[in-house]
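Heads up, the thing below is written out as structure tokens.
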Amino acid sequence: MKQTSLRLYMFLSIAAALATMAVKFIGYFLTGSVGLFSDAAESVVNLVAALVGLWALTLAARPADEDHAYGHTKSEYFSSGVEGALILVAALIIAIESVPRLFHPEPIDQPFLGLGFSVFGAIINGVLAWFMLQAGRRQRSITLEADAHHLFADVITTVGVLVGVLLVAITRWYILDPIVALLVAINIIWTGTKLLRQTGLGLLDTALPKEDIDIVNSVIEPYRQQGIDFHALRSRMAGRRRFVSFHVIVPGDWTVQRGHSICEEIELAIRKALPDSTVFTHLEPREDPVTFQDMELDRAPIES
């Protein structure tokens with residue numbers, strides 16, 4: 469049900485992209501404004517990004533298999549990476565279209581009619597982006613969050629273009645049109661760079677955020693009071709899926725069954741506290757010196 473809900477948002481994003489493309493390109497053709505062209509061009513990127521996002525969420529929903537034992541949730545990073553790259557491409561297209569107008573400014577036809585179409589598209593994007601961002605944060609979907617941030621960037625673009633075209637209409641300083649378009653391109657580059665950075669962090673198996681680690685520590689703290697210790701806590705994100713692993717140190721005279729039962733109990737408690745988490749534990753005896761040499765990612769072999 470959760471994945472179905474996420475894909476529904478992407479279908480809505482595709483529909484919104486098609487609608488905004490139509491109205492914004494109408495506004496551009498009516499006016500000839502490169503500012504409005506920059507706004508319309510970003511709508512094309514929105515459509516491609518939404519299609520890639522739908523593919524990523526569909527793939528991420530597939531269960532683990534023999535070739536992908538840890539699931540397919542990392543596929544969401546492909547979506548955010550492609551979206552970040554497409555945003556940069558859109559900025560390049562806007563710059564190519566705008567720079568010549570700096571040297572050869574042109575008047576804008578029917579500015580207010582063109583702006584009306586563009587503002588209508590921005591309203592569609594703004595409403596959808598707000599709902600997508602809430603859902604993305606709630607369900608920890610980087611694909612939904614990336615698309616929402618992109619749509620918000622589109623709204624900011626429209627606001628900038630609106631101001632620029634209005635100033636051109638009032639002042640007749642036609643050079644303001646390409647200047648506003650280039651400022652929009654710079655803002656788009658900033659958004660795309662942030663998305664690419666977020667994608668890179670995910671692909672590099674960045675640890676869970678501090679608030680998640682604090683939850684893990686709050687779960688295991690009561691067990692410390694029972695004489696159980698922990699070390700080698702590691703974590704990473706793979707899209708929406710969290711991975712947590714650590715060693716559980718117990719008295720050496722415990723039976724295997726008792727140690728196994730306590731590990732199962734701790735794992736279940738963490739999974740309840742952090743949904744969509746996979747937890748790995750490794751049981752070790754307190755009396756064995758090797759236990760405390762087994763904390764680093766790469767441990768030197770013990771000479772026999």
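Each residue of the sequence shown is one higher than the last, beginning at 469 in the numbering used here.
Where a beta carbon is used, it is the ideal one built from N, C-alpha and C, also for glycine.
- For Ser713, the three-state secondary structure derived from DSSP is strand.
- C-alpha of Pro531 to C-alpha of Gly521: approximately 18 Å in a straight line.
- Contact check for Ile610 against Gly668 fails: the beta carbons are separated by 8 Å or more.
- For Ser548, the enclosing alpha helix (DSSP H) begins and ends at 544-571.
- Looking at the DSSP output, Leu669 sits in no beta bridge, so it has no partner there.
- Secondary structure note for Thr626: its alpha helix (DSSP H) is the uninterrupted segment 610-639.
- Comparing alpha-carbon positions, the option among Ala616, Asp697, Leu701, Ala553 lying closest to Asp682 turns out to be Leu701.
- The Cβ-Cβ distance between Val491 and Phe599 does not fall below 8 Å.
- Judged by beta-carbon spacing, Gly628 lies beyond the 8 Å limit of Ile555, meaning their Cβ atoms are not closer than that value.
- Fewer than three beta-carbon pairs drawn from the segment 532-549 and the segment 507-516 are found closer than 8 Å, and the two stretches are therefore not classed as touching.
- DSSP lists Val716 as the beta-bridge partner residues of Phe698.
- Taking a contact to require three or more Cβ pairs closer than 8 Å, the segment 473-484 and the segment 612-627 qualify as touching.
- A direct Cα-to-Cα measurement between Thr674 and Phe711 gives close to 11 Å.
- Distance check between Thr723 and each of Pro743, Leu486, Asn685, Leu751 places Leu751 closest, using alpha-carbon atoms only.
- In the DSSP assignment, the residues bridged to Thr749 are Phe714.
- When beta bridges are read from the DSSP output, Met478 appears opposite no residue.
- Here the alpha carbon of Ile717 sits roughly 6 Å from the alpha carbon of Arg754.
- Our two residues, Leu635 and Trp641, have alpha carbons roughly 8 Å apart in a direct line.
- With 16 or more neighbouring CB atoms inside 10 Å of its own CB, Met705 falls in the buried class.
- Ser713 sits away from Leu676, with the two beta carbons spaced by 8 Å or more.
- Ala509 is classed as buried because its beta carbon has at least 16 other beta carbons within 10 Å across all chains shown.
- DSSP, read as helix, strand or coil, puts Met600 in helix.
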